[in-house]
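The next block holds one structure in the form of structure tokens; read it before the comments.
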Amino acid sequence: MKQFVQRAGGRIGLWGGLLAAALAAFAAGWLVPARAPVGCKLNELTAAPDFSPFSPAAPAVAASDAGTPAAPSLPEKWVCLTFDDGPSKTTPEVLAALDAAGVHGTFFVVATGYNEKYLPLLTQAAAAGHQIALHSASHEYSDIYRSSAAYWKDIALLKQRIAPYVDAESIRYLRFPGGSTNTVSRRYGGKGLMQQLKNEVEQRGWQWVDWNVCAEDAVGGHPSADTIYRNVVRETGEQTHCVVLMHDSATTRTTAEALPDIIRWYTDNGYTFLTVAEALPLG
Numbered sequence: 001m002k003q004f005v006q007r008a009g010g011r012i013g014l015w016g017g018l019l020a021a022a023l024a025a026f027a028a029g030w031l032v033p034a035r036a037p038v039g040c041k042l043n044e045l046t047a048a049p050d051f052s053p054f055s056p057a058a059p060a061v062a063a064s065d066a067g068t069p070a071a072p073s074l075p076e077k078w079v080c081l082t083f084d085d086g087p088s089k090t091t092p093e094v095l096a097a098l099d100a101a102g103v104h105g106t107f108f109v110v111a112t113g114y115n116e117k118y119l120p121l122l123t124q125a126a127a128a129g130h131q132i133a134l135h136s137a138s139h140e141y142s143d144i145y146r147s148s149a150a151y152w153k154d155i156a157l158l159k160q161r162i163a164p165y166v167d168a169e170s171i172r173y174l175r176f177p178g179g180s181t182n183t184v185s186r187r188y189g190g191k192g193l194m195q196q197l198k199n200e201v202e203q204r205g206w207q208w209v210d211w212n213v214c215a216e217d218a219v220g221g222h223p224s225a226d227t228i229y230r231n232v233v234r235e236t237g238e239q240t241h242c243v244v245l246m247h248d249s250a251t252t253r254t255t256a257e258a259l260p261d262i263i264r265w266y267t268d269n270g271y272t273f274l275t276v277a278e279a280l281p282l283g
């Protein structure tokens with residue numbers, strides 16, 4: 001398994017025989033705990049922070065073999081803006097904010113049946129250069145985390161539902177509902193289920209992605225755009241490689257309102273905007 005080092009969004013983290021690399025990643029500020037989408041607080045959805053935001057499926061910068069040129073280096077400071085739970089009635093506003101700034105985002109999408117009329121927006125997003133990635137068909141923990149078979153059945157249904165709008169079969173990036181260290185899955189599929197699912201994702205040559213900056217835009221009380229902006233700035237701190245978790249749902253309209261200020265702050269502080277696929281290319 002190739003190495004790299006997240007907290008929605010990680011190849012930021014390594015295991016077992018890669019412990020030394022994980023410690024190095026921690027020292028660099030890349031190893032951070034995955035956080036739950038609802039408020040991103042450490043609760044039953046989130047396990048201990050022995051973890052990173054990206055799966056260790058492949059390095060962000062490929063090492064050169066003898067006679068093989070190394071892949072181009074990534075910018076010193078980069079950020080991926082990621083959005084869960086869309087498309088929704090808020091998606092046009094999110095796309096407008098991104099497009100106005102010339103920035104590409106990554107959308108971890110759902111197809112619950114309740115958002116069916118918004119699925120055509122995926123075609124628009126993909127055509128504009130945004131990355132479409134997988135989240136869940138149902139987002140119901142009790143259904144998708146009953147077993148490995150139940151999880152992959154959900155993913156297959158998601159791909160089937162979005163196939164009329166994007167090339168679903170080519171998508172190899174996903175985000176687990178609740179993050180890759182969620183503990184709520186234990187209630188339905190047992191303690192070892194999440195590790196099994198992560199292994200199966202990597203065996204397929206896919207990549208799971210968590211996050212290391214959370215906008216906390218899906219908390220109760222509907223935070224204001226200014227609060228969301230401050231949350232992102234605070235959680236970014238001194239990190240130079242960031243995967244930001246935001247939401248693209250009917251209840252997170254203020255996220256779209258906060259985006260221009262968030263983008264401006266990252267730009268002013270020297271970050272380059274990348275999609276997840278650009279920051280974490282598959283091997």
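Residue numbering for the sequence shown follows full-length UniProt numbering, beginning at 1 and increasing consecutively. Just so it is clear, CB atoms sit at the ideal spot from N, CA and C, and this is done for glycine as well. Model, not experiment: these values are computed from the prediction.
(message) Do leucine 174 and residue 285 have their beta-carbon atoms positioned less than 8 Å apart in this structure?
(response) Outside the shown range of the chain, which is 1 to 283, sits residue 285, and nothing can be said about it.
(request) Determine the closest residue to serine 180 out of Phe108, Leu197, Asp217 and Arg146, with distance taken between C-alpha atoms. (result) As a working note, residue 180 is residue 180 in the sequence shown. Taking only the C-alpha atoms, the option nearest serine 180 is Leu197.
(message) Rounded to whole angstroms, what is the Cα-Cα separation between alanine 125 and glutamine 131?
(response) Taking the first residue of the sequence shown as position 1, residue 125 is located at position 125. Taking the first residue of the sequence shown as position 1, residue 131 is located at position 131. C-alpha separation (whole angstroms): 8 Å.
(message) Only counting the same chain, and skipping five residues up and downstream in sequence, which positions put a Cβ closer than 6 Å to that of leucine 98?
(response) Within the sequence shown, residue 98 is the residue found at index 98, counting from 1. Only Gly105 meet the Cβ criterion.
(request) Using three-state DSSP, classify glutamine 203 as helix, strand or coil. (result) For this step, residue 203 is matched to residue 203 along the sequence shown. Correct three-state label for glutamine 203: helix.
(message) DSSP three-state label for glycine 189, please.
(response) Locating residue 189 in the sequence shown gives position 189, where the first residue counts as 1. Three-state result, glycine 189: helix.
(request) Note down, in chain order, each residue of its chain lying with its Cβ closer than 8 Å to the Cβ of valine 94, except the 5 sequence neighbours on either side. (result) Position 94 of the sequence shown, counted from the first residue, corresponds to residue 94. Counting only Cβ-Cβ distances below 8 Å, and skipping sequence neighbours, we find Phe83, Gly86, Gly105, Asp248, Thr255, Ala256 and Leu259.
(message) So for serine 138, helix, strand or coil by DSSP?
(response) Here the question's residue 138 lines up with position 138 in the sequence shown. Here serine 138 sits in coil by DSSP.
(request) Have a look at glutamine 160 and threonine 183 and give me their C-alpha separation to the nearest angstrom. (result) Indexing the sequence shown from 1 puts residue 160 at position 160. Indexing the sequence shown from 1 puts residue 183 at position 183. When rounded, the distance between both Cα atoms is 28 Å.
(message) Is it buried or exposed, arginine 146, if we count other Cβ atoms within 10 angstroms and call 16 or more buried?
(response) The residue labelled residue 146 in the question sits at position 146 within the sequence shown. Counting Cβ neighbours within 10 Å, arginine 146 comes out buried, since at least 16 surround it.
(message) Please list the terminal residues of the continuous alpha helix (DSSP H) segment that includes aspartate 226.
(response) Reading the sequence shown from its first residue, position 226 is the one you call residue 226. It spans 225-236 - the alpha helix (DSSP H) in which aspartate 226 sits, taken as one unbroken run.
(message) Could you check if cysteine 80 belongs to the surroundings of the ligand ATP, using beta carbon to heavy atom distance under 7 Å?
(response) Absence of the ligand ATP from the depicted structure is noted, as is the absence of any ligand whatsoever, leaving it without description.
(request) Pull up the CB-CB distance for proline 119 and isoleucine 162, whole angstroms please, since I reckon it's below 8 Å. (result) To locate residue 119, count along the sequence shown from 1; it is residue 119. To locate residue 162, count along the sequence shown from 1; it is residue 162. Sequence check: residue 119 is leucine here, not proline. Leucine 119 to isoleucine 162, Cβ: 6 Å. Contact.
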